[in-house]
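Chemist: Please find one structure pasted underneath; my questions will follow.
Protein chains: 2
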Amino acid sequence: MAVSMRRALIGAPLATARAAHERLNNWLGLSVFASDNLSSSAYATEAILLVIAVEGSTRLLAAALPITIGIVVLTGVVALSYRQTVQAYPTGGGAYIVARENLGMGWATTAGAALLIDYVLTVAVSVAAGVQAMTSAFTVLQPWAMHLGVAAVLLIALANLRGVRESGLLFAVPTYSFVFGLLLTLGIGIVKVVTHAVPPPPEAVAPMAALGALPFFLVLRAFASGCAALTGIEAISNGVQAFRSPEGRNAAVTMLWMAGLLLTLFTGITVLARAYAITPDVTGGGHGVGETVVSQVAAAVWGGKNIPYLFVQFATMAILIVAANTSFADFPRLSAILARDRWLPRQLANVGDRLVYNNGILVLAGIAIVLLIAMQGNVHALLPLYMVGVFVSFTLSQAGMVRRWLRLRTPGWRQSAIMNGFGSLATGIVLIVVAITKFHPPEAHPIFSFTVDGHPFNLRAGAWLVVALIPLMVAVFYRIHDHYNTVSSQLTLIGFEEPPAPQQTVIVLVPSINRGIVPALRYARAMGHDTRALHIEIDPDDTPRLRDQWEQWSHGIPLLIIESPYRSLIDPLFRYLDEVQTEPNQTVTLVIPEFVPVKWWHKLLHNQSGLLLKIALLFRRGLVVTNVRYHLTR
Amino acid sequence: MAVSMRRALIGAPLATARAAHERLNNWLGLSVFASDNLSSSAYATEAILLVIAVEGSTRLLAAALPITIGIVVLTGVVALSYRQTVQAYPTGGGAYIVARENLGMGWATTAGAALLIDYVLTVAVSVAAGVQAMTSAFTVLQPWAMHLGVAAVLLIALANLRGVRESGLLFAVPTYSFVFGLLLTLGIGIVKVVTHAVPPPPEAVAPMAALGALPFFLVLRAFASGCAALTGIEAISNGVQAFRSPEGRNAAVTMLWMAGLLLTLFTGITVLARAYAITPDVTGGGHGVGETVVSQVAAAVWGGKNIPYLFVQFATMAILIVAANTSFADFPRLSAILARDRWLPRQLANVGDRLVYNNGILVLAGIAIVLLIAMQGNVHALLPLYMVGVFVSFTLSQAGMVRRWLRLRTPGWRQSAIMNGFGSLATGIVLIVVAITKFHPPEAHPIFSFTVDGHPFNLRAGAWLVVALIPLMVAVFYRIHDHYNTVSSQLTLIGFEEPPAPQQTVIVLVPSINRGIVPALRYARAMGHDTRALHIEIDPDDTPRLRDQWEQWSHGIPLLIIESPYRSLIDPLFRYLDEVQTEPNQTVTLVIPEFVPVKWWHKLLHNQSGLLLKIALLFRRGLVVTNVRYHLTR
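Residue numbers (our numbering), protein chains in the order written: chain A, 1 to 634; chain B, 1 to 634.
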């Protein structure tokens, strides 16, 4: 029954030979891998405005535009830099692979840990933002935000357990709907602004000249928050091998398309938010913010919450779900690579019967759900956790590329090294900015600070956890690595001298004499070694009858009876084994007769001595425990 | 560590040879077995008064005295009747044994079921009443009554897991304190009444002549409730074998002492309750009644809640705990007898390492705790459940004795048969009275009726459950009996024709070639039969290397490689076994190599294929699964 339920949910098994066909063309690749990055535009502008509006002043919102332009330039640099990675590593060039090949295992495991955190947070952030797109349109859903998020993660996990190809088909529509809907909204909005169809903003906005008044730290923090737009830009580089061949070229083309679309959407939203004098809605308090900036922009452009507005909101929700899905492709793939390299439990490298890494999918869904619940489904509480992981992997990946160019010196290596070096430097600086601004002691804040039963909580305080988590994860990786290495060094056949043939002794346990022990006696006899039968005497009254019966049913095996004054099976058996097992090079086979009842619950009516014995003997050396079963028929 | 905790709680194991020494002299025997009966005086008078005061009228309380005298006569008859049982069955003559020998298995199992219910309720009622003795003295404890009850059951269970001799020593003091304290209280009380030191009752009590005004059904119900005094009178007959020899005589003497003491205490309390015009306290509502009648009597006699009063209350609590302990001697003993007769799971017949039936003790404690919680620790809600079981066993036991006398015709059989027949008739009539009055549709009642969240509850409605439970339990007994008989008929060697020697095939599973599989290969080789190695190909890329290595490490065993297109181990293995297992008389040994890590949690880092295989193969016939383990050293 469990099997058929599994089939209905996940589908029939797929053969290994079908693996090569499960590849994506560029259109599907863009929807699967670029969605993470493109969907960042749904919250990046808002992240900038939140810092300025809440910590600075609504009057200074115009500062969002220059900050956005700075981030757009950074995005361009990183995209160009990653384009080189994708072409250099057509079999998949995630930060871990690049660092492993060029920077050594210490940096590689750091990048691996950062990426795993990144993927988990991609799921949490994207799902939370997708749900927020819905609660912006339908405020009645607001109290259920967290539950909707958890349900969404479970659905995406299920889709991925079915396999990647179906995911691609399933998620192409939302990505292109989002791009189309948002481009149309932005286009119409800009036409309206240019033709002065938009009324002047209700409150005066400070002129650009006044921006000098912004404290430098506030600008930095807003910039760091806006860098959320860059998240997911590396997704393609981790999934190059999922593209059709030539994988590198296809992935690089897709990456440039992605960056161009991102820049357009992100800048467009920021420009319109300024033109329509939109301020972020902080009414939600600690339990998720209120209406999103994108929702406000769309409502302003379309003149209310009408059909085109709803199209934009549904498409936003849909692409964010697809973005979460990116991680369901990448996290299991990366953890399988890490597992094969012996940094993670090898179960993560098992390919399930639908050709996906089941265990990775389940682990990812589990952690993302825990995060969503812990952070109450709040996008902007999750974002700070997100950024550290993302920028650590950016910096290491590109630094690795620089080392690669310096080492290989292929044609054009100088320009390539400068490109990657510039990318690494830029993201490294952003990483420092993110770390500094996120480490700044958190003050009370209308969104991140709230009280539960009178205890103050500040969600932003969690950002340092990620910084501490990366070295901790690396330490665990090394523990696991050591274990696998120790095991494999003990299992290697290189230099293995086979010991002399062991001396074989067979002991068959005889609790009482009945038809059920006959197969065990015959089996023990047939093993043809030094064979003996052992009866542990729990009730001395039974012994004379047992001796009588033994004369008929011994099968030529000598019977030994041991007293058990305390009615324990295990203690006398261990003492006897201690007597027998004297040679180091000796194998003792303990044959335990067992009868198997017809119904499993019949077991409850019988003593579980066999099971208890097996557990007690689990760690005893030089001992082979063999159950010879007698199947009851009624 | 679990072992040493167990030792600290329960004590070191005791040898079987010590069993005979764990016997009780008459003084200890009285404290262990008579306490159940004697302690009934703590609640029997109250049970009568509650019916009259609540359903009749406070004015009619004087009716308690004639009802008490009726019950005292009944007690005398039953005690004399049981005295004959005890002498006739010196190895223990509980209702089950007597019915089994004289009335057949149908009645015997009915008596067994009734007794098991009786014992469970003895624990629940006694503990609840013991706690009430405390909450009467210290009203601040009232809200914790149920919790105190549960804690008491756990402590008694622990004492019994340590063994019966220590229980006897531990519980003699409370029994004799209760008898001494209550006799002294009654004596002084009666002296005060006789010398007119007691003021006349504040309200007029109806003269005896007015008792004709009592509805007949009310008298019946009060009589039935008061028969709670008889509970536990049979305890000695179940435990005859725990006495020193001559067991029968010693037990019979102890029984007469017990009956005499009970009559004195019970009558005395009823007389004084009338003299002091005491009415039962129903202020507690559904959550246990308020102050007990014994507490009110003691406070009245001693002139307040002073030191002598507290002595009586503590002694009452203590003897009730000892009474609960009676069942901890009897329930495990009876369930062991039932288990040996194949009516209950045989685990209940296992003697633990402290010479007690551990499993019976644990089952009893568990059910009693559930009952205490379900009935909110309310004595008078538990009593109706109690009575049916008690009187079914009384009636059957004495009817069995009548059949015995008619059969054996030993000297004096006529008088004996009349004595037992009269006892059986009397208890049978009481059983009918109890059943009728308890089946009377329950009306709203200040103690048994209350509402929880607006839903009405009537605790007394539960009494019919016990009547329904007895046949249900008998049905289960027969199911279990059939199972054991079916198994033993399949296991008997009588008429067993041994089949021809089976054809032996050995298959050793080779997941990969390393040092860990060498012991398995040598073991399989040494078994010397038709031996072959099987590799299930999960990843075809590994196969060529495996073939190469096999040339060196084959140990002369041919290697078979099976494809597994869906990367499953189990399906291809089952298909292969289907091919191999063609003969009905064939034994296939599947040797699975397994390496054992140093730390248990290292297991988490390895695939659990071996375990999964074993579970999948659990019910396959003609197959012996053998794990050959390779122990890692680091």
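All C-beta atoms in this analysis are idealised placements derived from N, C-alpha and C, irrespective of residue type, glycine included.
1) Identify each residue in the segment 503-524 of chain B for which the Cβ-Cβ distance to at least one residue of chain A is less than 8 Å, and report them in chain order.
2) With 16 other CB atoms within 10 Å as the buried threshold, where does F391/B fall?
3) Is it buried or exposed for S35/A, if we count other Cβ within 10 angstroms and need 16 for buried?
4) Can you have a look at E594/B and say buried or exposed, based on whether 16 or more other CB atoms are within 10 angstroms of its CB?
5) Counting only C-beta atoms, is W637/B closer than 8 Å to chain A at any point?
6) Among S245/A, A277/A, I236/A, which has the Cα closest to the Cα of W257/A?
7) At least one CB of chain B closer than 8 Å to the CB of I361/A: is that the case?
8) V466/B to V51/B, Cα distance in whole Å?
9) Can you check whether the C-beta of W107/B is within less than 8 Å of a C-beta belonging to chain A?
10) Quick one: what does DSSP say A209/A is sitting in, helix, strand or coil?
11) Under a three-way DSSP split, which group does D341/A fall into?
12) Using only alpha-carbon positions, find the residue among G622/A, R403/A, Q376/A, H606/A that is nearest to T506/A.
13) Can you look up E551/B in the DSSP assignment and give me helix, strand or coil?
14) For Y630/A, list the residues DSSP reports as bridge partners.
15) For A616/A, I'd like the list of residues in its chain whose CB is within less than 6 Å of its CB, leaving aside the five on either flank, ordered along the chain.
16) Three-state secondary structure (DSSP) at L148/B?
17) Taking 8 Å as the threshold, find out whether the segment 310-317 of chain A comes into contact with the segment 155-162 of chain A through three or more Cβ pairs.
18) If you draw a straight line from the alpha carbon of L573/A to that of L115/A, how long is it in whole angstroms?
19) Which full runs of the alpha helix (DSSP H) of 4+ residues lie inside the segment 384-415 of chain B, going along the chain?
20) Rounded to whole angstroms, what's the CA-CA distance from G92/A to T427/A? Just pull it up for me.
21) Just to confirm, is the Cβ distance from A47/B to H380/B under 8 Å?
22) Grab me the residues of S564/A's own chain with a C-beta within less than 8 Å of its C-beta, minus the 5 sequence neighbours each way, in chain order.
23) State the beta-bridge partners of T587/A as determined by DSSP.
24) Let's test the definition: count the other Cβ atoms within 10 Å of the Cβ of T582/B and tell me whether it reaches 16, buried, or not, exposed.
25) Nearest-angstrom Cα distance between V78/B and F394/B?
26) In or out: F216/A buried (at least 16 other Cβ within 10 Å) or exposed?
27) So is T633/B in contact with chain A if we call contact Cβ pairs under 8 Å?
28) The alpha helix (DSSP H) with I570/A in it runs from where to where?
29) Would you mind telling me which residues of chain A sit closer than 9 Å to L493/B, beta carbon to beta carbon, in chain order?
30) Is V487/B close to chain A? Criterion is C-beta to C-beta, closer than 8 Å.
31) List the residues of chain B that R621/A touches, going by C-beta distances under 9 Å, in chain order.
32) Quick test of your reading: L65/B and T231/B, contact by CB under 8 Å. State the CB separation rounded to the nearest angstrom.
33) Under a Cβ-count criterion, where at least 16 other Cβ atoms within 10 Å of its own Cβ denotes burial, should V624/B be classed as buried or exposed?
34) My guess is that G528/B and G528/A are in contact by the Cβ rule of under 8 Å, so how many angstroms apart are they, rounded?
35) Pull up the distance between the alpha-carbon of N627/A and that of R515/A, whole angstroms please.
36) Just to confirm the assignment, what range does the alpha helix (DSSP H) spanning D539/B have?
Modeler: On the basis of the coordinates in this document:
1) Q504, I513, N514, R515, G516, V518, P519, R522, Y523
2) buried
3) buried
4) buried
5) Here chain B covers residues 1 to 634 and nothing more, so residue 637/B does not appear.
6) I236/A
7) no
8) 21 Å
9) no
10) The predicted position of A209/A is uncertain, since its pLDDT is 49 and thus under 50; a value taken from the coordinates is nonetheless stated next. A209/A falls in the helix class under three-state DSSP.
11) coil
12) The sequence given here has Val at residue 506/A, not Thr. The shortest C-alpha separation from V506/A is found at G622/A.
13) helix
14) F595/A
15) I570
16) helix
17) no
18) 53 Å
19) none
20) 21 Å
21) yes
22) I536, E537, I538, D571, P572
23) Q504/A
24) exposed
25) 8 Å
26) exposed
27) yes
28) 570-580
29) I513, N514, R515, V518, Q549, Q552, W553
30) yes
31) V596, R629, H631
32) Not really, about 21 Å apart at Cβ, beyond 8 Å.
33) buried
34) 6 Å
35) 15 Å
36) Taken as a continuous stretch (DSSP letters only), D539/B belongs to no alpha helix (DSSP H), as it is neither H nor E.
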